[in-house]
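A.B. asks: Under my numbering, the first residue of the sequence shown is numbered -7, with each subsequent residue one higher.
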Amino acid sequence: MTRPLLLLPAALLCLAAAPAPKSAPAKAPAPKAASAKPAAKPAAGPYDAQNPQGLMDLLGAAGAKVQTSRREADAVFVTVTSTAANFSLQFAGCNTQGRACQAALFDSLLDGGAPTLSQINSFNQTSVFCRIYQDKTGKAHAIYAALLVKSDTRDSALTHLAAWQGCLGEAGGFARDPIAYLAEAA
-7 MTRPLLLLPA ALLCLAAAPA PKSAPAKAPA PKAASAKPAA KPAAGPYDAQ
43 NPQGLMDLLG AAGAKVQTSR READAVFVTV TSTAANFSLQ FAGCNTQGRA
93 CQAALFDSLL DGGAPTLSQI NSFNQTSVFC RIYQDKTGKA HAIYAALLVK
143 SDTRDSALTH LAAWQGCLGE AGGFARDPIA YLAEAA
């Protein structure tokens, strides 16, 4: 009789866990509310790709937690946390107000194996838009760089985000098994 009683707390834990996935869709309306925020901005003016806040708003509308981590003379550093990936963004060539930025660099630490420098070099020769580098501690990072110009639109920014997402997938597959990845790429 104690066995069914022991199963009861486990069943209750399962039931308690059940609302968690339902709360994830409940969060989906929050990004819609956040996406209404950027939709209100075009009335005040066009999307400004050279202002870090524009890309930060798009990431926030997609459900990511986005915050400026620091500023330097001509750079704005942003951290992004989401269920899909955690990464940093560096906006470079910015004016003293942290706007009119000329480029954005996406950077993510790769989980998985520890590819050699030779394997990283081989990966970099196979990818068109995604690069991997090894930091001073020997950890591999995926990076993607984008030039920012005044004529960029929201769609341009969404294309950069899609390219970054593809880069993360490609680099992640490489990091998990560099030998198999490079064999398929050849």
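Glycine included, C-beta positions come from ideal geometry on N, C-alpha and C.
For residue 116, is the classification buried or exposed, using 16 other Cβ atoms within 10 angstroms of its Cβ as the cut-off for buried?
C.D. replies: Exposed, because fewer than 16 other Cβ atoms sit within 10 Å of the Cβ of residue 116.
A.B. asks: Assuming contact is defined by CB atoms lying nearer than 8 Å, are residue 68 and residue 79 in contact in what I supplied?
C.D. replies: Not closer than 8 Å, so no.
A.B. asks: Which same chain residues, not among the five before or five after residue 168, have their C-beta less than 8 Å away from its C-beta?
C.D. replies: 104 and 105, listed in sequence order.
A.B. asks: Report the partner residues of residue 136 according to the DSSP bridge assignment.
C.D. replies: DSSP lists 98 as partners of residue 136.
A.B. asks: State the DSSP-derived secondary structure class of residue 121, mapped to helix, strand or coil.
C.D. replies: If DSSP states are grouped into helix, strand and coil, residue 121 belongs with coil.
A.B. asks: When the Cα atoms are used, what is the spatial distance from residue 177 to residue 65?
C.D. replies: Their backbone Cα atoms lie some 41 Å apart in a straight line.
A.B. asks: Closer than 8 Å, CB to CB, is residue 41 near chain D or not?
C.D. replies: Although the question refers to chain D, the structure presented lacks it and comprises just one protein chain.
A.B. asks: From residue 186 to residue 174, what does the alpha carbon distance come to, in whole angstroms?
C.D. replies: Residue 186 is absent from the model: the chain starts at -7 and stops at 178.
A.B. asks: Can you list, in chain order, the residues of its chain whose CB lies under 7 Å from that of residue 101, leaving out five sequence neighbours each side?
C.D. replies: Closer than 7 Å at Cβ, skipping near neighbours: 131 and 133.
A.B. asks: Quick one: is residue 160 buried, meaning 16 or more other Cβ sit within 10 Å of its Cβ, or exposed?
C.D. replies: By the neighbour-count rule (16 or more Cβ atoms within 10 Å), residue 160 is buried.
A.B. asks: Between the alpha carbons of residue 162 and residue 44, how many angstroms are there, rounded?
C.D. replies: Straight-line Cα distance between these residues: approximately 26 Å.
A.B. asks: Going by C-alpha distance, which of 152, 88 and 166 is nearest residue 110?
C.D. replies: Ranking 152, 88 and 166 by Cα distance to residue 110 puts 166 first.
A.B. asks: Would the beta-carbon of residue 153 fall within 8 Å of that of residue 50?
C.D. replies: Yes, Cβ-Cβ distance for residue 153 and residue 50 is below 8 Å.
A.B. asks: I need the boundaries of the beta strand (DSSP E) containing residue 71, first residue and last residue.
C.D. replies: Taken as a continuous stretch (DSSP letters only), the beta strand (DSSP E) holding residue 71 covers 67 to 73.
A.B. asks: Mind checking which residues open and close the beta strand (DSSP E) that includes residue 62?
C.D. replies: Run containing residue 62: 57 to 64, per the beta strand (DSSP E) assignment.
A.B. asks: Taking the alpha carbon of residue 97 as the point to measure from, which residue in 87, 155, 74 and 114 has its own alpha carbon closest?
C.D. replies: Cα-wise, what sits closest to residue 97 is 155.
A.B. asks: Just to check my reading of the structure: residue 59 and residue 75 have Cβ atoms closer than 8 Å, yes? What is that Cβ distance to the nearest angstrom?
C.D. replies: Not really, about 17 Å apart at Cβ, beyond 8 Å.
A.B. asks: Give the DSSP bridge partners of residue 89, in chain order.
C.D. replies: Beta-bridge pairing links residue 89 to no other residue.
A.B. asks: Classify residue 136 as buried or exposed, calling it buried when 16 or more other Cβ atoms lie within 10 Å of its own Cβ.
C.D. replies: Buried, because 16 or more other Cβ atoms sit within 10 Å of the Cβ of residue 136.
A.B. asks: Express the C-alpha separation of residue 121 and residue 172 in angstroms, rounding to a whole number.
C.D. replies: Approximately 20 Å between the Cα atoms of the pair.
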